[in-house]
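Here is the structure we will look at.
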Amino acid sequence: MFAVFKREFQSFFRNPTGYVALALFSVLSGFTFVMQLSSAEVNISSEISTLRSFFLILIPIITMGFFAEDKKRGTEILYYTSPVSLWGVVIGKFLAALSLFGVMFINVFIHMFITGFLGGVVDIGSWGSVIVYFFLAALFISIGILASSIVNDQLLAACFTFVIILLIQLTNTISSLATAALVSLLAVSNNGASNDKLLNICTKISDAICWFDPFSKTTNFRSGIFSLTALIFCLSATFVFLFLTYRNLEKKRWTQK
Amino acid sequence: MIEINNLVKHYGDTKAVNGISFNVNKGEVLGFLGPNGAGKSTTMNIIAGYLSFTSGSVKVNGHDVLEEPELTKKSIGYLPELPPLYLDMTVIEYLTFICDLKKVPKADRKEQLARILAMVKISNVSDRLIANLSKGYKQRVGIAQALVGDPEILILDEPTVGLDPNQIIEIRKLIKSLAKNHTIIISSHILTEVQSVCDRVVIINKGKVAAVSNLKDLSANVFKNYKILITFKGNLKAVSDGLMNIPGVTNVEVKNSDGDISELEISVDSENDIRSQVFYEMVRLNCPILELKSLGSSLEDVFISITKNS
Chain A
1 MFAVFKREFQ
11 SFFRNPTGYV
21 ALALFSVLSG
31 FTFVMQLSSA
41 EVNISSEIST
51 LRSFFLILIP
61 IITMGFFAED
71 KKRGTEILYY
81 TSPVSLWGVV
91 IGKFLAALSL
101 FGVMFINVFI
111 HMFITGFLGG
121 VVDIGSWGSV
131 IVYFFLAALF
141 ISIGILASSI
151 VNDQLLAACF
161 TFVIILLIQL
171 TNTISSLATA
181 ALVSLLAVSN
191 NGASNDKLLN
201 ICTKISDAIC
211 WFDPFSKTTN
221 FRSGIFSLTA
231 LIFCLSATFV
241 FLFLTYRNLE
251 KKRWTQK
Chain B
1001 MIEINNLVKH
1011 YGDTKAVNGI
1021 SFNVNKGEVL
1031 GFLGPNGAGK
1041 STTMNIIAGY
1051 LSFTSGSVKV
1061 NGHDVLEEPE
1071 LTKKSIGYLP
1081 ELPPLYLDMT
1091 VIEYLTFICD
1101 LKKVPKADRK
1111 EQLARILAMV
1121 KISNVSDRLI
1131 ANLSKGYKQR
1141 VGIAQALVGD
1151 PEILILDEPT
1161 VGLDPNQIIE
1171 IRKLIKSLAK
1181 NHTIIISSHI
1191 LTEVQSVCDR
1201 VVIINKGKVA
1211 AVSNLKDLSA
1221 NVFKNYKILI
1231 TFKGNLKAVS
1241 DGLMNIPGVT
1251 NVEVKNSDGD
1261 ISELEISVDS
1271 ENDIRSQVFY
1281 EMVRLNCPIL
1291 ELKSLGSSLE
1301 DVFISITKNS
């Protein structure tokens, strides 16, 4: 596992990938922070929440090559034929990507230091946001890794990851849109009369969809209210996606030509 | 050392390997021959632990590859058809990574890598990026990768494919030197290669074993049609008729005729060597032989006849 971790992490800096991600993150976080500084209203939590929306770009860039590239170069055979477990390979790659986020996040830590130094507020809520950021990053990385293991083409893997992260970010919007559409549809079919029972069902469906939204689950962290449920949710989802990746790799032993 | 028993591998409806059985003995260099798509690579991938199989069993040193994969993988070094190289690493970084993967103890690493680099002659490029190496060197790095961890068994899938003649000779030399203390399975569809390095061959065709034999036995047993090329001075018609009367001769073909001197190709279907009979016939006809050459049986012909029949 450590061998794979080391190789993958170093490989970020042998290729443009790591530098592009690092540069992008630095520019984005730097820009947000400077904007806040210039308006003399620094809020680390809101900086981090802005950065969260860039998962959409960063995660696909970082994870797209993981298994897709191995497949193309024929190097995946190394993992199957050496005495390492495939589970170790998956975890190694996952940790490498997460560590890259750790490196990128140094930017934010510097901003926190500057804020504290200048007498700004770095409270428990800021740290809550940091924790959430990493749990969400882990979750999305695992999705990216799964995509990369399923699709053989890097670009396709990136698109796949992009769409899934986009859908997750839009969960709330999607559910409210779906509910609204359903309600109006029911209203039409009932000749304008509203049906409380059906409306109730619609709300339940909407709630069910929202339940899967990791963003709304972790909103309270920025106010310093930590919820173990939310963290366990993110962790288990991460585990599920990594496990699916592992099973998918294992499956290739049987189906691959 | 390796026992393969009734190995079957299906891909959907296609049977890539259909009941292959053979053994590889310790210290032996086994040639694995077959036309493209015969199931060579699939079988090698299975032995190396890359692919699973539908039924049958594969044992390496008595350990089943499915039940004790870590043990069997440790004793096998595998060079697939496409060498599994990370182009963004230097040779030494790459080989160190392989040491990590194969769990080579840190203390042995330096010495082992130095030995392998020297053996495959890539010490001079050890600090270069693999992406910038020539194909021959990449292939060597691939072989070096298989040697890491000192496995007893080497599986080399078409190790000389795509190399220039000089590189092919070098790689063959390397394989011969490795054969001294390794058991090697080498797949190829280039017959001269197998002839030059292997002790024994397994020929497979359409997923089945078509023949298992020592190289010598193979040519002797399977092949009894051979040709003799003769150049002589004298009457062409008389010699042709005379030669046709020798038992076993099926055809006499004029290859070349320039005045007095002619060249004939005699096709023979016999398990006996009829060259001496040819000599006495020529003496009887009073035609001096200028050259007599047995074209023998090339492995090429054996291969074609076996794969056509099966």
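So the sequences go chain by chain: A and B. Just so you know, my numbering puts 246 at position 246 of the first sequence, and the rest follows in order with no gaps. To get my numbering, take the position in the second sequence, counting from 1, and add 1000. From the three backbone atoms N, C-alpha and C, an ideal C-beta is built for every residue, glycine too. Quantities reported herein were computed from a predicted structural model and do not represent experimental measurements.
Reference residue i; option with closest CA among the options
{"i": "T218 of chain A", "options": "A:F13, A:I201, A:V27, A:S45", "result": "A:S45"}
{"i": "T1072 of chain B", "options": "A:E76, A:G65, A:Y80, A:F67", "result": "A:Y80"}
{"i": "N1023 of chain B", "options": "B:V1254, B:K1121, B:F1032", "result": "B:F1032"}
{"i": "I1266 of chain B", "options": "B:L1290, B:I1289, B:N1251", "result": "B:N1251"}
{"i": "V1254 of chain B", "options": "B:P1247, B:G1248, B:E1263, B:I1246", "result": "B:E1263"}
{"i": "E1271 of chain B", "options": "B:S1257, B:L1295, B:G1248, B:L1290", "result": "B:G1248"}
{"i": "L186 of chain A", "options": "A:N200, A:S175, A:T173", "result": "A:N200"}
{"i": "F239 of chain A", "options": "A:F226, A:I150, A:W254, A:L146", "result": "A:L146"}
{"i": "K204 of chain A", "options": "A:I225, A:Y133, A:S175, A:L228", "result": "A:S175"}
{"i": "V1268 of chain B", "options": "B:M1282, B:I1289, B:L1243", "result": "B:L1243"}
{"i": "T1307 of chain B", "options": "B:V1029, B:V1008, B:N1181, B:A1210", "result": "B:A1210"}
{"i": "F94 of chain A", "options": "A:Q256, A:T245, A:F105", "result": "A:T245"}
{"i": "F1279 of chain B", "options": "B:V1065, B:G1162, B:T1231", "result": "B:T1231"}
{"i": "L1079 of chain B", "options": "B:K1103, B:I1020, B:R1140, B:A1107", "result": "B:R1140"}
{"i": "E1152 of chain B", "options": "B:N1245, B:I1190, B:P1084, B:N1181", "result": "B:N1181"}
{"i": "C1287 of chain B", "options": "B:D1260, B:E1028, B:K1102", "result": "B:D1260"}
{"i": "D1013 of chain B", "options": "B:I1020, B:I1002, B:T1054", "result": "B:T1054"}
{"i": "A180 of chain A", "options": "A:F162, A:S206, A:T161, A:K71", "result": "A:S206"}
{"i": "Q169 of chain A", "options": "A:F117, A:F140, A:L37", "result": "A:F140"}
Unbroken beta strand (DSSP E) run spanning residue i, endpoints
{"i": "H1010 of chain B", "result": "1002-1011"}
{"i": "I1261 of chain B", "result": "1261-1269"}
{"i": "N172 of chain A", "result": "First-last for N172 of chain A: 171-189, but that is the alpha helix (DSSP H), not the beta strand (DSSP E)."}
{"i": "Y1078 of chain B", "result": "1076-1079"}
{"i": "N1023 of chain B", "result": "1014-1024"}
Where residue i falls: helix, strand or coil (DSSP)
{"i": "V1222 of chain B", "result": "Its pLDDT being 48, under 50, V1222 of chain B is placed unreliably in this model, and the coordinates cannot settle the point."}
{"i": "Y1086 of chain B", "result": "coil"}
{"i": "I1185 of chain B", "result": "strand"}
{"i": "T1160 of chain B", "result": "coil"}
{"i": "I1203 of chain B", "result": "strand"}
{"i": "V130 of chain A", "result": "helix"}
{"i": "T50 of chain A", "result": "helix"}
{"i": "V1239 of chain B", "result": "helix"}
{"i": "A23 of chain A", "result": "helix"}
{"i": "E41 of chain A", "result": "coil"}
{"i": "T161 of chain A", "result": "helix"}
{"i": "D1064 of chain B", "result": "strand"}
Whether residue i touches residue j by CB criterion (8 Å)
{"i": "R7 of chain A", "j": "F1097 of chain B", "result": "yes"}
{"i": "S1134 of chain B", "j": "V1091 of chain B", "result": "no"}
{"i": "S1188 of chain B", "j": "E1158 of chain B", "result": "yes"}
{"i": "R1115 of chain B", "j": "C1099 of chain B", "result": "no"}
{"i": "V1197 of chain B", "j": "I1175 of chain B", "result": "yes"}
{"i": "L1178 of chain B", "j": "Q1195 of chain B", "result": "no"}
{"i": "I131 of chain A", "j": "I165 of chain A", "result": "no"}
{"i": "G128 of chain A", "j": "F226 of chain A", "result": "yes"}
{"i": "A1146 of chain B", "j": "L1154 of chain B", "result": "yes"}
{"i": "T171 of chain A", "j": "C202 of chain A", "result": "no"}
{"i": "V1058 of chain B", "j": "I1130 of chain B", "result": "no"}
{"i": "G1027 of chain B", "j": "G1077 of chain B", "result": "no"}
{"i": "I61 of chain A", "j": "T17 of chain A", "result": "yes"}
Unbroken alpha helix (DSSP H) run spanning residue i, endpoints
{"i": "I225 of chain A", "result": "Neither: I225 of chain A is in no alpha helix (DSSP H) and is coded neither H nor E."}
{"i": "R7 of chain A", "result": "2-14"}
{"i": "F55 of chain A", "result": "55-63"}
{"i": "L1129 of chain B", "result": "Unbroken run through L1129 of chain B: none, as it is neither H nor E."}
{"i": "I106 of chain A", "result": "106-117"}
{"i": "I1116 of chain B", "result": "1106-1119"}
{"i": "L1133 of chain B", "result": "From DSSP, L1133 of chain B is part of no alpha helix (DSSP H); its letter is neither H nor E."}
Exercise. How about the segment 107-122 of chain A and the segment 31-44 of chain A: do they share at least three Cβ pairs that are nearer than 8 Å?
Worked result: Short answer: they touch.
Exercise. Is the segment 71-86 of chain A in contact with the segment 50-58 of chain A, if contact means three or more CB pairs nearer than 8 Å?
Worked result: no
For this session: Tell me, please, whether the segment 1033-1052 of chain B touches the segment 1230-1249 of chain B by the rule of three or more beta-carbon pairs shorter than 8 Å.
Result: Taking 8 Å as the limit for Cβ pairs, the verdict is that the segment 1230-1249 of chain B does not touch the segment 1033-1052 of chain B.
Exercise. Just checking, does the segment 1190-1205 of chain B make contact with the segment 1033-1044 of chain B on the three C-beta pairs under 8 Å criterion?
Worked result: yes
For this session: Kindly confirm or deny that the segment 90-104 of chain A and the segment 22-35 of chain A touch, where touching means at least three C-beta pairs closer than 8 Å.
Result: yes
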